[in-house]
Amino acid sequence: MAVVPYKENTATKKEQVATMFNNISRKYDFLNHFLSGGIDILWRKKAIRLLKPGQPKQILDIATGTGDFAVAALKLNPEKVTGIDISEGMLEVGREKIKKKGLQDKIELLKGDSENIRFDDN
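Per the working numbering, the sequence shown starts with residue 2, numbered consecutively.
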């Protein structure tokens with residue numbers, strides 16, 4: 002038996018997860034910081050530190066959400082960061098954030114599925 006966010010809904014688990022994140026997208030950043038006690042910020046910093054020795058030129062951020070990791074990844078000076086997520090609501094918040102920071106030439110956010118990535122293996 003699959004565990005799904007909305008038991009009364011006939012949508013697939015993936016569709017339900019996308020809907021759930023669409024529904025909370027405008028509050029997600031606050032909830033993430035508050036409920037994690039700020040650990041999400043430390044996690045991003047640690048991930049960036051671990052990636053630094055590889056000096057990546059292109060970064061693919063899977064399940065990018067509102068794009069916080071994609072923005073943080075620019076500290077590595079890549080040519081481009083691409084973020085994918087199944088939630089259009091989360092991506093909209095991320096695109097607004099990226100536009101406000103003037104980072105549209107460095108970061109692209111696309112609707113995508115982590116189980117069906119349309120990028121070549123690296």
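Think of the CB as a built atom: it goes at the ideal place given N, C-alpha and C, for glycine as much as any other residue.
Which of helix, strand or coil DSSP assigns to residue i
{"i": "residue 20", "result": "helix"}
{"i": "residue 63", "result": "strand"}
{"i": "residue 8", "result": "coil"}
{"i": "residue 120", "result": "coil"}
{"i": "residue 95", "result": "helix"}
{"i": "residue 42", "result": "helix"}
{"i": "residue 128", "result": "For residue 128 there is no data in the structure shown, the boundaries of the chain being 2 and 123."}
{"i": "residue 176", "result": "Shown here, the chain extends from 2 to 123; a query on residue 176 therefore has no answer."}
{"i": "residue 25", "result": "helix"}
{"i": "residue 55", "result": "helix"}
Residue closest to residue i, alpha-carbon to alpha-carbon, out of the options
{"i": "residue 62", "options": "35, 20, 107", "result": "107"}
{"i": "residue 87", "options": "81, 26, 60", "result": "26"}
{"i": "residue 115", "options": "30, 37, 83", "result": "83"}
{"i": "residue 54", "options": "37, 76, 34", "result": "76"}
{"i": "residue 73", "options": "93, 43, 94, 92", "result": "43"}
{"i": "residue 78", "options": "93, 49, 40", "result": "49"}
Near the ligand ATP: residue i beta-carbon under 7 Å from a heavy atom
{"i": "residue 103", "result": "Within the structure as shown, the ligand ATP is missing, as the structure has no ligands at all."}
Local Cβ density within 10 Å of residue i, reported as buried at 16 or more and exposed below that
{"i": "residue 71", "result": "buried"}
{"i": "residue 51", "result": "exposed"}
{"i": "residue 122", "result": "exposed"}
{"i": "residue 32", "result": "exposed"}
{"i": "residue 13", "result": "exposed"}
{"i": "residue 118", "result": "exposed"}
{"i": "residue 85", "result": "buried"}
Bridge partner(s) assigned by DSSP for residue i
{"i": "residue 82", "result": "60, 108"}
C-beta contact flag for residue i and residue j at 8 Å
{"i": "residue 35", "j": "residue 90", "result": "no"}
{"i": "residue 95", "j": "residue 111", "result": "no"}
{"i": "residue 24", "j": "residue 17", "result": "no"}
{"i": "residue 66", "j": "residue 29", "result": "yes"}
{"i": "residue 56", "j": "residue 80", "result": "no"}
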